[in-house]
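Chains as they are written, first to last, in our numbering: chain A, 3 to 328; chain B, 11 to 236.
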């Protein structure tokens, strides 16, 4: 490289030396070019952001559906329990021992004792408006109910182990019967639904992510394609590859940030609008979608920002590289 | 200054754009390269600015053998050779000022220097009052003058003009040719590729004729003869 061998021509205009420090102002310049291109190609920027927003919304809708379905399944699972009814002759100490033993099991979430008198009071309160039942109770005279232990497992799969304890000879000495067999079918159904929901969610998440990825990749490629001639001109006037590429990468980050802000705003808007309808359905399960997003805000939206920005940067980098071969 | 040594450029499957071209251009020379379409004129320029790589032979510019130039050195070469294109090749989303400044920004010039140099060069091409216009708001002649200003911004030793008047009317053509002649008088080596008879005859400078990738004539003070 020895182009400086000959004398510089004397020109009639007074130019300064063109030997500059390459790093001077580069970062600020890259930022300036990125913002300039963003607002001077406003409609193109808007179109790209719209595609990103739609991709993010579809992913967020999927996240909402996942959250709702897993909450419903969890809520149904939570309603499942085993009621153990003790024999009349079972002593309070034996029942107490049994309760303590159950509580010590790692699979047991709660073991709540309901004394037969307490059960009768609750029963009476519940059916006070039903004269037939109240009359029947009077007919029976004594308290027909039994002392009960309501056992809740941590996982529905744990009921098998609990049941094994209940069927031990030692336990059967004080247990008259348990209603687990009544719940067996429900538990099996819930487990089966829960597994299916998980599988479908996984497949849907993979499919949606792939579609979103392809759409975003394509949108960025189209955006860069419209700049292909400019990229070639920049190369021809002596801009280095990194100097051409950098503003596009910064612009890709800008698109990601704007798209995420818009998608989040729309998502919250939709959640608020659909709130009354969703709540009437979901409050039985003690679940609020808005609360879910509030609680997981940082986790969800930061990972989405990172994913979209990374995807945009990679797409831009690949697309720009294609036109840098001039 | 510029030395083509038996340069051949071959395009697959069977096209020779240049075949064994040898040409020596002295510093400060004004050379016109003429020839019919497909004679290899544009290929010659593409090789000079490393837009294409030669198939065989050697190309030395100012002592720099660019026949094996590294991809990363290409921008450095292009900053030292001013190129004017027939279709101007301006950045449509940048103003006149920004188009010229971009060439300086690309090599890291400070804003202060850009603020001083660009207005000076705009004055030379008589476009100071159009500095904030976009290319689409300019006439063809004005756009070409922006292209010339951009080509001159690095004060290049070599100015390559690829059909610079191809899209211009007579008045603008004369203006551009005069500007090129003036730059040459001030010491810049000018390599003009054209197919315009009047332009070549007006200059009365060295004329090289290309035909099917080969030099068929090289006259020190030539006229347009094909």
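For each residue, glycine too, the CB sits at the ideal point set by N, CA and C.
Nothing here was measured: the structure is a model prediction, and the numbers come from that model.
Please tell me whether residue i has its Cβ less than 8 angstroms away from any Cβ of chain A.
i                      : result
residue 99 of chain B  : yes
residue 39 of chain B  : no
residue 200 of chain B : no
residue 112 of chain B : yes
residue 103 of chain B : yes
residue 85 of chain B  : yes
residue 188 of chain B : no
residue 151 of chain B : no
residue 67 of chain B  : no
residue 156 of chain B : no
residue 173 of chain B : no
residue 59 of chain B  : yes
residue 185 of chain B : no
residue 115 of chain B : yes
residue 146 of chain B : no
residue 125 of chain B : no
residue 118 of chain B : yes
residue 141 of chain B : no
residue 217 of chain B : no
residue 88 of chain B  : yes
residue 203 of chain B : no
Would you decide whether residue i is buried or exposed? Buried here means 16 or more other CB atoms lie within 10 Å of its CB.
i                      : result
residue 85 of chain B  : buried
residue 25 of chain A  : At residue 25 of chain A, the pLDDT of 47 sits below 50, so the modelled position is not reliable; the number obtained from the coordinates is stated separately. With fewer than 16 Cβ atoms within 10 Å of its Cβ, residue 25 of chain A is classed as exposed.
residue 84 of chain A  : buried
residue 93 of chain A  : exposed
residue 41 of chain A  : exposed
residue 259 of chain A : exposed
residue 31 of chain A  : buried
residue 49 of chain B  : buried
residue 60 of chain B  : buried
residue 34 of chain B  : exposed
residue 223 of chain B : buried
residue 23 of chain A  : The predicted position of residue 23 of chain A is uncertain, since its pLDDT is 42 and thus under 50; no value can be drawn from it.
residue 161 of chain A : buried
Report the CB separation of residue i from residue j in whole angstroms; it is logged as a contact under 8 angstroms.
i                      : j                      : result
residue 219 of chain B : residue 44 of chain B  : 6 angstroms
residue 64 of chain B  : residue 18 of chain B  : 7 angstroms
residue 172 of chain B : residue 52 of chain B  : 6 angstroms
residue 114 of chain B : residue 124 of chain B : 5 angstroms
residue 145 of chain A : residue 118 of chain A : 5 angstroms
residue 175 of chain B : residue 186 of chain B : 5 angstroms
residue 53 of chain A  : residue 218 of chain A : 7 angstroms
residue 226 of chain B : residue 217 of chain B : Residue 226 of chain B to residue 217 of chain B, Cβ: 11 angstroms. No contact.
residue 154 of chain B : residue 234 of chain B : Going by Cβ atoms, the distance from residue 154 of chain B to residue 234 of chain B rounds to 21 angstroms, so no, they are not a contact pair.
residue 177 of chain B : residue 150 of chain B : 5 angstroms
residue 253 of chain A : residue 164 of chain A : Not confirmed; about 59 angstroms, so no contact.
residue 177 of chain A : residue 89 of chain A  : 7 angstroms
So, with DSSP's three-state summary, where would you put residue i?
i                      : result
residue 234 of chain B : coil
residue 14 of chain B  : strand
residue 81 of chain B  : helix
residue 25 of chain B  : strand
residue 19 of chain B  : strand
residue 142 of chain B : coil
residue 229 of chain B : strand
residue 319 of chain A : helix
residue 69 of chain B  : strand
residue 168 of chain A : helix
residue 92 of chain B  : strand
residue 31 of chain B  : strand
residue 42 of chain B  : strand
Establish whether the CB of residue i and some CB of chain B are separated by less than 8 angstroms.
i                      : result
residue 240 of chain A : yes
residue 80 of chain A  : no
residue 245 of chain A : yes
residue 31 of chain A  : yes
residue 208 of chain A : no
residue 43 of chain A  : yes
residue 224 of chain A : no
residue 253 of chain A : no
residue 28 of chain A  : yes
residue 232 of chain A : yes
residue 235 of chain A : yes
residue 318 of chain A : no
Kindly examine the ligand SAH and report whether one of its heavy atoms sits closer than 7 angstroms to the Cβ of residue i.
i                     : result
residue 31 of chain A : In the structure on display, the ligand SAH does not appear, and there are no ligands present to speak of.
Q: Would you list, in sequence order, the uninterrupted alpha helix (DSSP H) runs of no fewer than 4 residues that lie entirely inside the segment 166-224 of chain B?
A: 180-195, 207-213
(Q) Just to confirm the assignment: which complete alpha helix (DSSP H) runs, minimum length 4, are found wholly within the segment 234-312 of chain A? (A) Listed in chain order, they are 243-284, 291-297.
Q. What residue ranges within the segment 173-208 of chain A form continuous alpha helix (DSSP H) runs of no fewer than 4 residues, ordered along the chain?
A. none
Q | Continuous alpha helix (DSSP H) assignments of at least 4 residues falling wholly in the segment 34-107 of chain A | A | 44-81, 94-106
(Q) At 3 residues or longer, what runs of the beta strand (DSSP E) sit wholly inside the segment 98-159 of chain A? (A) 110-116, 150-155
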